[in-house]
Amino acid sequence: MASMAQAIRMALHYGETKLGVTDIFGEDVGPPLGGVFTATQGLKTTWNSPLDERGIIGAAVGLASTGSRCVAEIQFCDYIYNTIDLLKLAGNMCWASNGQWNFPMTVMTPVGSGIRGSIYHSHSFDATMTHIPGWKIVMPSSPIDAYGLMIACLKDPNPTMFLKPKALLRVRGDELIPGEPENEKELRDRIDAPLGDRSKWKARWPEGLTDYTVEIGKGKIQREGEHVTIVTYGRTLPLAVQAADQLKSENISVEVIDMRTLWPYDWEMISSSIRKTRRVIFLNEDTEVTNFGEHLVRRTVEELFYDLEARPRLLAGAFTPGIGLADPLEMASAPQLNHIIEMAREVANERA
Amino acid sequence: MKTQVKPSSGGKHLTNVKFKLAQEQLIKIHDLMLTTRMLEERMIKMYKQNEGYFWLGGPGEEAFNIPLGLQGHVGEGLDYDFWHLHYRSSGILLSMGAEQIDFIRQMKNTVTDPFSGGRNFCNHSSIRKWNVLPITSTIETQFATAIGSGIAHKRHGGKGITVVNGGDAGTAEGEFASCLIWSSRPEQKLPMLIIVTNNEYGISTPASTQHGETHIADRAKAFNIEAKVINGNDVEESWFAIKEAMEYVRTERKPYFIESRVSRLYGHSSASGANFQPNEVDPVVIFEQKLEAAGVLSRKEMDELREKKAADLLEMQKQVREEPMPDPSTIYDYTYFGQKGKYW
Ligand SMILES: Cc1ncc(C[n+]2csc(CCOP(=O)(O)OP(=O)(O)O)c2C)c(N)n1
Chain A
76 MASMAQAIRM
86 ALHYGETKLG
96 VTDIFGEDVG
106 PPLGGVFTAT
116 QGLKTTWNSP
126 LDERGIIGAA
136 VGLASTGSRC
146 VAEIQFCDYI
156 YNTIDLLKLA
166 GNMCWASNGQ
176 WNFPMTVMTP
186 VGSGIRGSIY
196 HSHSFDATMT
206 HIPGWKIVMP
216 SSPIDAYGLM
226 IACLKDPNPT
236 MFLKPKALLR
246 VRGDELIPGE
256 PENEKELRDR
266 IDAPLGDRSK
276 WKARWPEGLT
286 DYTVEIGKGK
296 IQREGEHVTI
306 VTYGRTLPLA
316 VQAADQLKSE
326 NISVEVIDMR
336 TLWPYDWEMI
346 SSSIRKTRRV
356 IFLNEDTEVT
366 NFGEHLVRRT
376 VEELFYDLEA
386 RPRLLAGAFT
396 PGIGLADPLE
406 MASAPQLNHI
416 IEMAREVANE
426 RA
Chain B
154 MKTQVKPSSG
164 GKHLTNVKFK
174 LAQEQLIKIH
184 DLMLTTRMLE
194 ERMIKMYKQN
204 EGYFWLGGPG
214 EEAFNIPLGL
224 QGHVGEGLDY
234 DFWHLHYRSS
244 GILLSMGAEQ
254 IDFIRQMKNT
264 VTDPFSGGRN
274 FCNHSSIRKW
284 NVLPITSTIE
294 TQFATAIGSG
304 IAHKRHGGKG
314 ITVVNGGDAG
324 TAEGEFASCL
334 IWSSRPEQKL
344 PMLIIVTNNE
354 YGISTPASTQ
364 HGETHIADRA
374 KAFNIEAKVI
384 NGNDVEESWF
394 AIKEAMEYVR
404 TERKPYFIES
414 RVSRLYGHSS
424 ASGANFQPNE
434 VDPVVIFEQK
444 LEAAGVLSRK
454 EMDELREKKA
464 ADLLEMQKQV
474 REEPMPDPST
484 IYDYTYFGQK
494 GKYW
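Quick mapping for you: the protein sequence lines, in order, are chains A and B.
Heads up: the first sequence runs through residues 76 to 427, numbered per our numbering.
Heads up: the second sequence runs through residues 154 to 497, numbered per our numbering.
Take a look at the structure:
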């Protein structure tokens with residue numbers, strides 16, 4: 076099975092051959108490296124940019140203004156903060172021009188903890204990004220969703236933000252992407268750049284890749300359950316699934332929703348699940364103060380208060396200036412499996 | 154960074170004025186200079202009469218902006234020029250064919266404002282059919298977005314170029330450096346005309362107190378970009394500098410930098426009173442003196458033209474007064490392309 080990095084690469088290949096993508100660019104995105112997480116190896120429209128994030132986002136806006144559909148990468152979301160001005164602009168120019176202009180551009184950037192990245196390779200970006208109107212924001216938790224969400228981004232006429240959960244980029248899926256070779260080694264041989272000299276190497280893309288699309292705005296129920304709903308995305312999704320599986324032995328039945336799209340999000344799915352279980356935890360790893368999950372808690376309280384049997388909870392990252400490098404520090408700063416299990420148990424057992 | 158090229162006197166007793174441009178071209182430029190100046194002055198009056206919340210614009214930049222707009226290749230798509238402009242660009246757009254009344258609409262923030270539907274300040278134009286990107290208040294971001302259409306123009310070939318302009322103080326922002334870096338990469342030079350209109354101020358702060366470089370254009374030279382400092386208060390000097398620059402960019406497909414020394418005739422904006430600044434050189438006055446001395450137009454003809462334009466503008470203001478304000482139910486419209494109403 077493909078890893079998420081390979082899935083993104085295949086979707087981008089489909090994009091540049093079938094969906095009119097003209098430019099995939101950013102720091103070290105082109106040859107020889109093909110991205111620090113290998114997500115852009117072997118593609119024909121990739122190129123390396125100057126080390127200039129504001130230039131990168133500006134270039135993407137300008138390319139999009141000409142109708143050139145582009146994908147810009149910010150190497151780590153920790154370094155996207157100096158572009159916020161330009162992200163706001165990309166998100167407001169359709170509105171500011173009263174619908175005249177549109178900017179078909181995708182920005183992708185690795186987010187979150189999980190690779191012992193210390194202070195500047197562990198940031199999350201969902202809280203900040205969901206505060207910028209005019210974008211559609213997605214974050215997959217599996218290779219097949221990464222493929223389908225990327226295809227959806229590449230078809231959208233608006234700016235789209237594709238957040239890549241760093242910790243999951245090398246994790247293999249358990250579902251074949253349509254057109255993906257069944258044999259993992261064959262896929263590697265075809266699309267992973269070799270070590271050493273790559274100057275003559277060319278990817279041999281699987282021929283049967285398709286238009287497989289995960290619609291923006293649609294979540295996915297990853298585990299059905301009765302007693303408590305966990306709403307999450309990205310790195311913490313597989314942890315929530317593990318928590319659900321472990322809690323079965325305690326007769327706690329957990330429903331796990333993968334939001335997949337952060338904005339505009341699938342409130343219908345979330346609210347009907349909460350109406351069913353009457354208990355909810357919003358889970359993500361961005362810092363907890365003015366966290367996107369707080370918005371979801373607010374909406375839950377305002378719209379579903381009388382459906383609830385327990386206080387709605389937010390389980391998120393500690394509000395610290397960064398994630399410390401040492402293992403005990405990272406474990407204590409971002410939600411881990413044990414935190415999720417404890418909170419799910421607590422919420423499930425809270426007296427109505 | 155005191156100016157050396159700004160003319161110090163209006164040149165009142167001119168003799169022997171010879172123009173290189175043809176007579177009808179001079180008349181057209183003069184007409185557009187008045188169209189621009191009087192529009193700005195009308196909008197200042199609107200501000201003072203409480204018919205608009207805020208004014209800022211480009212009176213004092215006409216001698217440069219009209220020749221720029223007139224020499225643009227105007228149309229939609231990469232065969233034509235892309236424009237990444239700032240808020241002193243009405244002269245450029247009027248020379249491209251924009252209508253005065255649309256600026257008045259934006260000043261009055263009526264729903265009929267074709268640039269922003271009443272959402273943005275005056276002189277924050279947006280004209281997609283002419284590749285004019287939405288003008289934004291964020292200083293210097295246009296120098297970053299211009300990179301992208303520059304890349305697209307390079308790939309597309311042909312004669313279309315990317316034009317970007319901004320003020321002198323804004324060059325301290327990172328995007329200015331981005332623009333110089335990205336437009337001059339070896340083997341990937343971009344067909345961009347990069348313009349800084351230098352009026353020697355950022356709101357209240359004199360450039361001389363913040364900038365050590367002799368000329369802003371020297372920074373472009375460091376990237377091997379062709380660069381020139383010109384007197385933007387002189388019509389013909391501007392015309393031929395822009396002509397040379399545009400020809401170079403259109404054919405060589407490489408960047409060219411112009412630092413144009415201009416006036417700021419009504420101060421920064423309405424925030425600083427929008428009052429006439431008698432110490433600044435007035436390019437319209439200079440041009441009219443020359444036109445008169447050369448026998449192109451008489452004082453009487455020019456006065457009559459002014460009167461006619463003033464009357465027309467008053468009519469436009471009256472008309473716009475009757476036009477509707479945007480409907481509050483539309484606040485969410487076009488957050489996304491083609492979308493109307495609340496979307497979440
Ligand atoms: C990024 C940013 N910072 C500050 C401001 C506030 N501001 C508006 S205009 C201006 C001065 C700009 O001066 P300059 O670049 O010389 O252009 P000019 O207005 O003189 O033409 C400032 C500081 C802004 N709009 N954007």
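For glycine and all other residues, C-beta sits at the position ideal for the given N, C-alpha and C.
Keep in mind the model is a prediction, meaning the values are calculated, not measured.
*Near ligand 1: S290 (chain B) beta-carbon under 7 Å from a heavy atom*: yes
_is_contact[T120 (chain A), chain B] using C-beta, thresh 8 Å_ = no
*Determine the chain B residues that contact C169 (chain A) at a beta-carbon separation under 8 Å, and present them in chain order.*
Near C169 (chain A) (Cβ distances below 8 Å), the residues of chain B are Y487, T488, Y489 and F490.
*Identify which residue in B:Q470, B:R241, B:N276 and B:T265 has its Cα closest to the Cα of S416 (chain B).*
Selected option, being the one with the closest Cα: B:R241.
*Sorted by chain position, which residues of the same chain lie with C-beta nearer than 8 Å to K351 (chain A)'s C-beta, five sequence neighbours on each side aside?*
E301, T304 and E330
_I need the boundaries of the beta strand (DSSP E) containing H237 (chain B), first residue and last residue._
F235 to H237
*Distance, I99 (chain A) Cα to G137 (chain A) Cα*: 14 Å
*I415 (chain A) to A315 (chain A), Cα distance in whole Å?*
7 Å
_Distance check for P396 (chain A) and I194 (chain A), CA to CA, integer angstroms please._
8 Å
*What's the C-alpha gap between H196 (chain A) and F329 (chain B)?*
28 Å
_Element boundaries [alpha helix (DSSP H), containing N424 (chain A)]_ = N424 (chain A) -> alpha helix (DSSP H) spans L412 to N424.
_For N428 (chain B), the nearest candidate out of B:Q178, B:E193 and B:I182 (CA to CA)_ = Closest option to N428 (chain B), Cα to Cα, is B:E193.
*Less than 8 Å separating the beta-carbons of D30 (chain A) and I349 (chain A)?*
With chain A running from 76 to 427 in the structure shown, residue 30 (chain A) is simply not present.
*asked:* Quick check: is the beta carbon of E328 (chain B) nearer than 8 Å to any beta carbon in chain A?
replied: With 8 Å as the cut-off, E328 (chain B) counts as an interface residue toward chain A.
*asked:* Quick check on R245 (chain A): buried or exposed, where buried means 16 or more other Cβ atoms within 10 Å of its Cβ?
replied: exposed
_How far does the beta strand (DSSP E) with C145 (chain A) in it extend, from its first residue to its last?_
R144 to E148
*Reducing DSSP to helix, strand and coil, say where S162 (chain B) ends up.*
With a pLDDT of 42 at S162 (chain B), under the threshold of 50, the predicted position of this residue should be treated as unreliable, and no value is reported.
*Is there contact between the stretch 382-396 of chain B and the stretch 203-219 of chain B, where contact requires at least three CB pairs shorter than 8 Å?*
yes
_Bounding residues of the alpha helix (DSSP H) (the contiguous stretch that carries I245 (chain B))_ = S243 to M249
*Take V111 (chain A) and list the residues in its own chain whose beta-carbon comes closer than 7 Å to its own, dropping the five residues that flank it on each side.*
D103 and Q150
*Would you list the one or two residues that DSSP bridges to R298 (chain A)?*
A:V331
_Taking the straight line between their C-alpha atoms, what separation do you get for P313 (chain A) and P359 (chain B)?_
57 Å
*Cβ of A86 (chain A) within 7 Å of any heavy atom in ligand 1?*
Not one heavy atom of ligand 1 lies closer than 7 Å to the C-beta of A86 (chain A).
*What residues in the stretch 183-211 of chain A have a beta carbon less than 7 Å from any beta carbon of chain B?*
Within the stretch 183-211 of chain A, the residues whose Cβ lies closer than 7 Å to some Cβ of chain B are P208 and G209, listed in chain order.
*Under a Cβ-count criterion, where at least 16 other Cβ atoms within 10 Å of its own Cβ denotes burial, should Y496 (chain B) be classed as buried or exposed?*
It counts as exposed.
*CB contact check: R272 (chain B) to chain A, cutoff 8 Å*: yes
_Rounded to the nearest angstrom, what separates H239 (chain B) and W283 (chain B) at their Cα positions?_
Each residue's Cα considered, the two are about 16 Å apart.
*Taking W503 (chain B) as the query, report the chain A residues whose CB atoms sit under 9 Å from its CB, ordered along the chain.*
No information on residue 503 (chain B) is available, as it lies outside the stretch 154 to 497 that chain B covers here.
_Where M478 (chain B) falls, given that 16 or more other Cβ within 10 Å makes a residue buried_ = exposed
*Any chance the stretch 162-180 of chain A sits against the stretch 385-399 of chain A, with 3 or more Cβ pairs inside 8 Å?*
When C-beta atoms of the stretch 162-180 of chain A are compared with those of the stretch 385-399 of chain A, fewer than three pairs fall below 8 Å, so the two segments do not count as touching.
*asked:* For a cutoff of 8 Å on Cβ pairs, would you count Y233 (chain B) as touching chain A?
replied: no
*What residues match up with T113 (chain A) in a beta bridge as DSSP calls it?*
DSSP lists no partner for T113 (chain A).
*Which one of A:G133, A:E299, A:W170 and A:T288 has the shortest CA to CA distance from Y89 (chain A)?*
A:T288
*asked:* Given this structure, state the Cα-to-Cα distance separating A171 (chain A) from L379 (chain A), to the nearest angstrom.
replied: 34 Å
*asked:* Taking the alpha carbon of L238 (chain A) as the reference point, which residue from A:T375, A:E257 and A:W338 has its own alpha carbon closest?
replied: A:W338
*asked:* For ligand 1, is there any heavy atom lying closer than 7 Å to the beta carbon of N352 (chain B)?
replied: yes
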